[in-house]
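Contents: one structure, followed by commentary.
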Amino acid sequence: MLEPIGDRVIVKVKEEEEKTVGGIVLASNAKEKPTQGEVVAVGAGKFADNGDKIPMTVKKGDEVLYDKYSGTNVEYEGQKYLVLHEQDILAIVK
C-alpha cells in the first residue's frame, strides 16, 4: 500500500456517473472532474516553524470533498488514487 509523507493524504477517487438523469451517456471530456473520495491513508502530519508537530484533521475512512484541480493522480495496483496535501481538502462529509 502507498504511505503518504508529511501532511499528504491519499484519496480513492469516487467516480462520477457516466449517464445523465435522462440516460444520455456522456463523453469523457464532458464529465466534471471528481471532487469527492475516501481517505485510504494519512501522513504523520507536518511540523510548525517552532518544531511542534501539527496533527492531521482527517483520518482513514473519512469521505472528503477536495479542491477540483489539486493533488497528483496516481495509479497503483489497478486503482486510481489522488495524493494531495491536507490543506487541499475542503470538507469531511458526515
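Mapping to my numbering: the sequence shown position 66 is 131, numbers consecutive. For each residue, glycine too, the CB sits at the ideal point set by N, CA and C. Note that the structure is predicted; figures quoted are calculated from it, not measured.
Query raised in the report: Which residues bound the beta strand (DSSP E) around L155?
Result: 154 to 158
Query - Option nearest V78 by Cα separation, candidates K111, L155, L147 - result: L147
Query raised in the report: Taking three-plus beta-carbon pairs below 8 Å as touching, is the region 147 to 156 in contact with the region 119 to 127?
Result: Look at the beta carbons and you see the region 147 to 156 touching the region 119 to 127: at least three pairs across the two are nearer than 8 Å.
Query raised in the report: With 16 as the cutoff for other CB atoms within 10 Å, does Y131 come out buried or exposed?
Result: buried
Query - Option in I75, A106, D114, G116 with minimal Cα separation from T137 - result: Among I75, A106, D114, G116, the Cα nearest to that of T137 belongs to I75.
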